[in-house]
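Heads up, the thing below is written out as structure tokens.
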Amino acid sequence: MTSLYRLFPPTIHPMVVHFTIATVYLAGLAGIVSLFYRKSDFAVKSFLILLVFSVLSVGAAGVAGAISGSYLSHVPRSAVHILHTHKDYGEWTGVFAVAALVFQGWRVWKNPQRFQPSVLAVIFSMAAVVMVSAAGHLGGTLVYTDGLGVHLP
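Residue numbers (numbering that gives the first Met the number 0): 0 to 152.
Following this line, the structure appears as structure tokens:
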């Protein structure tokens with residue numbers, strides 16, 4: 000499997016993760032807007048579409064993180080805990096994004112003629128926003144404080 004990883008550049012994770020951050024944030028925003036602006040189906044449809052992209056991009060960011068991590072020859076002792084927490088927050092981002100998609104998808108499937116936002120989906124979407132923010136903060140700390148991934152082969 001390691002040889003397959005070498006098909007991608009060591010910088011694949013930072014290349015992919017920014018799309019993840021954008022879609023998760025936009026899904027959260029669309030979810031909040033859909034709760035307050037019910038005259039049009041645009042916000043709630045956007046919410047659903049952005050949740051799909053969020054789930055897909057969180058998965059892609061996780062795979063890209065594993066690929067980028069395979070290039071690391073040494074992780075400083077001070078960064079080990081931060082790296083594990085960064086990964087955990089990324090996984091929680093995915094869990095919350097999937098939960099939001101399930102609740103919103105259920106709401107739409109239950110009544111396809113009338114799109115309505117699911118309050119639970121919006122809550123889980125906001126939890127995903129918090130988790131991706133925390134993961135991003137720790138990822139930035141790993142790069143800018145610990146220099147992880149800066150000097151790769």
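We put the CB at the ideal spot given by N, CA and C, even for glycine.
Where VAL121 is concerned, the enclosing alpha helix (DSSP H) starts and stops at 118-143. Secondary structure of VAL149 (DSSP, three-state): coil.
DSSP places ASP87 in the uninterrupted alpha helix (DSSP H) bounded by 79-109. Leaving aside the five residues that flank VAL15 on each side, the residues in its chain whose CB is nearer than 6 Å to its CB run, in chain order, ALA59, ALA60, ALA63. In this structure, TYR36 places its C-beta atom within 8 Å of the C-beta atom of ALA42. Apart from sequence neighbours up to five positions away, the residues of its chain that approach VAL121 with a beta-carbon distance below 7 Å are GLY30, ILE31, LEU34, ordered along the chain.
Around the beta carbon of THR92, 16 or more other beta carbons sit within 10 angstroms, so the residue counts as buried. With respect to the C-alpha of ARG113, the residue from LYS44, GLY146, PHE102 having the closest C-alpha is LYS44. If you draw a straight line from the Cα of MET130 to the Cα of ASN110, it is about 30 Å long.
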